[in-house]
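Visitor: Counting with the numbering used here, you get residues 1049 to 1241 for the letters of the sequence shown.
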Amino acid sequence: MIYPLPSICERAILEQFLKAEAMALWAVRSAQVQDVPPVMLQFLRRHEEEEAQHLKQFELLLGTSSHGKTALPRMPSQWRILAVHLYGFETLGLEFARLLVGLRPGLASILEDEEVHVGFFEQEVRNNLTQGGAAARDTRQAAKAWRRRLPRTVDRYLRDETLAPFREGLRQHILSVIDERFLAVGLLTGEAA
Ligand SMILES: [Fe+2]
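1) Among Phe1169, Phe1168, Thr1187, whose alpha-carbon lies nearest the alpha-carbon of Leu1177?
2) Hey, quick one: how far does the alpha helix (DSSP H) through Pro1086 stretch, first residue to last?
3) Compare the C-beta of Leu1155 with all C-beta atoms of chain D and state if any pair is closer than 8 Å.
4) Pick helix, strand or coil for Thr1237, following the three-state DSSP scheme.
5) Counting only the same chain and skipping the five closest in sequence on each side, list residues whose C-beta sits under 7 Å from that of Glu1069.
6) Less than 7 Å between the CB of Glu1170 and some heavy atom of ligand 1, yes or no?
7) Say yes only if the C-beta of His1165 is nearer than 7 Å to one or more non-hydrogen atoms of ligand 1, and no if none qualify.
8) Relative to the C-alpha of Glu1143, which residue among Gln1090, Ile1056, Ile1061, Gly1180 is closest?
9) Take Pro1052 and list the residues in its own chain whose beta-carbon comes closer than 6 Å to its own, dropping the five residues that flank it on each side.
10) On a CA-only basis, which of Gln1189, Phe1168, Glu1162 is nearest Thr1009? Give me that one, please.
11) By how many angstroms is the C-alpha of Ala1182 removed from the C-alpha of Gln1171?
12) Check for me: the alpha helix (DSSP H) holding Gln1171 runs from which residue to which?
13) In chain order, what residues of the same chain lie with their CB nearer than 8 Å to the CB of Gly1136, ignoring the 5 residues before and after it?
14) Run the proximity test for Leu1141: is its beta-carbon closer than 7 Å to any non-hydrogen atom belonging to ligand 1?
15) Nearest-angstrom Cα distance between Thr1210 and Gln1179?
16) So, helix, strand or coil for Asp1011, using DSSP?
17) Please state whether DSSP places Ala1068 in a helix, a strand or coil.
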């Protein structure tokens, strides 16, 4: 059983949440220079503000900054594909937020923010699937590609030594939660993994 994690894991979980947030923030910034439908821009700006606030809060907690960035992957230029990536990062961030709140119940408001972010992109993904045709096909293909890279991403996020005893359990848990969510939304079909 992986919950609750012991407090020795707190720093690693905080750092990885910070990384997921930095990734989402960067992706959102990137999104704003892409071909984003006007109705999305307002949400994306608010989202960016919230992510920036989370970052500041964590940087204070950790006494560190998130600038040790590794090379960031290219973001897709098509909005409906980018929306899948943002949805994916947010679902990943949400799982780390859950672990974090398990360790620090005082951070519950962050979990609420993340649930809103995930819900927003989930709706956008659903809309694109409902359109059918090329929109649905591109959306599902993007999800498959993102999901294929997910195990390596999760391994990187769980690399810290303090997480070693929980690594396999956490890995399985995170992957299955995300799969369930993608399946429920209609992004993945049964044979996708
Ligand atoms: Fe977020």
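Where is the CB? At the ideal position from N, CA and C, for every residue including glycine.
Guide: Reading it off the structure:
1) Thr1187
2) 1086-1110
3) Considering every chain present, this structure includes no chain D. It has just one protein chain.
4) coil
5) Glu1099, His1102, Leu1103, Gly1141
6) no
7) yes
8) Ile1061
9) Gly1150
10) Because the chain in this structure spans residues 1049 to 1241, residue 1009 falls outside the shown range and cannot be described.
11) 18 Å
12) 1156-1178
13) Ala1191, Trp1194, Arg1195, Leu1198, Ile1226
14) As written in the sequence, residue 1141 is Gly, which differs from the Leu given in the question. Yes, Cβ of Gly1141 sits closer than 7 Å to a heavy atom of ligand 1.
15) 45 Å
16) There is no way to answer for residue 1011, as the model of the chain reaches only from 1049 to 1241.
17) helix
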